Structures are given as C-alpha cells and as structure tokens.
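In the numbering used here, the protein residues as written are 26 to 140.
A virtual CB, placed ideally from N, CA and C, is assigned to each residue, including glycine.
What you are looking at is a predicted structure, and each value in this text was computed from that prediction instead of being measured.
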Amino acid sequence: QVKLVESGGGLVQAGGSLRLSCTGSAISFPLATTSWYRQAPGKQRELVAGFTSGGSTRYADSVLGRFTISRDSEKNTVDLQMNSLKPEDTAVYYCNVHRWVTDFWGQGTQVTVSS
C-alpha cells in the first residue's frame, strides 16, 4: 500500500525558512513524478513545485526564487526548502506522487507564516 508522510511544517515569522520532507513507501520516487501542492483556506489546491517526468523542475510564479524542490533517490524522499516566507504562503502543504496513472497524496502538513 502506497503511503506518503510529510513532515517539517510549523509556525514561522515572515522572512523565515522551513524545510518540508516527504517520505514514500511502496512506491519508487525516481520512477514517478513528485510534486508539492498547497491549499489555503477558501482556495483551491495549487501546485507549488515539482519534478517533471523528464527530471526538470517547475515552480509556481509566486514561489520562484524562494522555494527549492529536491529529492533523494536512495532515501526515497522529496523535500521543499522554503525561504523568505510570506504570510500568503500560509497553507496546508501536500506531497503528491503520480505513478501508474494515479495520484497519491500525503496527509498534509500545516505551514503558518506570521506577519
């Protein structure tokens, strides 16, 4: 059974940093497309950053230059380094893995940025 577990969320002041990590079991990240999404209250879930099937990265315009996605094939993890955080980054962040024409999601981790 595929399982994704996120960690690293929390409360931080504006301008601070957080690092989110997603660990997968029963699924190989190097063979899948991995991404981070977020959902703020009252808003739709949106893509924050991800790896394409070709291995390149893509970012939402709102986080470009501040967030960095990375992955460790041996540990089967995908991380999201978030710097220069803003109050508008406050949301629940979800790890997403796309494999076998199926989307798998983690339970989400809360990120709150205070002004």
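Nearest neighbour of Tyr119, chosen from Ser60, Ser95 and Lys28 [CA to CA]:
Taking the sequence shown and counting its residues from 1, one reaches residue 119 at position 94. Among Ser60, Ser95 and Lys28, the Cα nearest to that of Tyr119 is on Ser60.
Looking only at its chain, what residues have a beta carbon closer than 8 Å to the beta carbon of Ala51, apart from the 5 residues adjacent to it on each side?
Looking up residue 51 in the sequence shown gives position 26. Gln26, Val27 and Lys28, listed in sequence order.
Can you check which of these residues, Val122, Phe76, Asp114 and Val126, is closest to Gly35 by C-alpha distance?
Counted from its first residue, the sequence shown places residue 35 at position 10. Residue Asp114 is the option with its Cα nearest to Gly35.
Which partner residues does Gly72 have in the DSSP bridge list?
For the purposes of this step, residue 72 is taken as the residue at position 47 of the sequence shown. In the sequence as displayed, the identity of residue 72 is Leu instead of Gly. BP columns for Leu72 point to Tyr62.
Could you tell me the distance, in whole angstroms, from the CA atom of Gly80 to the CA atom of Ser140?
Locating residue 80 in the sequence shown gives position 55, counting from the first residue. Locating residue 140 in the sequence shown gives position 115, counting from the first residue. Gly80 and Ser140: Cα-Cα distance of roughly 35 Å.
Identify the residues that DSSP records as bridge partners of Ser139: which are they?
Stepping through the sequence shown from its first residue, residue 139 is reached at position 114. Gln38, per the DSSP bridge assignment.
Nearest-angstrom Cα distance between His123 and Met107?
Within the sequence shown, the letter at position 98 stands for residue 123. Within the sequence shown, the letter at position 82 stands for residue 107. Going by the C-alpha atoms only, they are around 22 Å apart.
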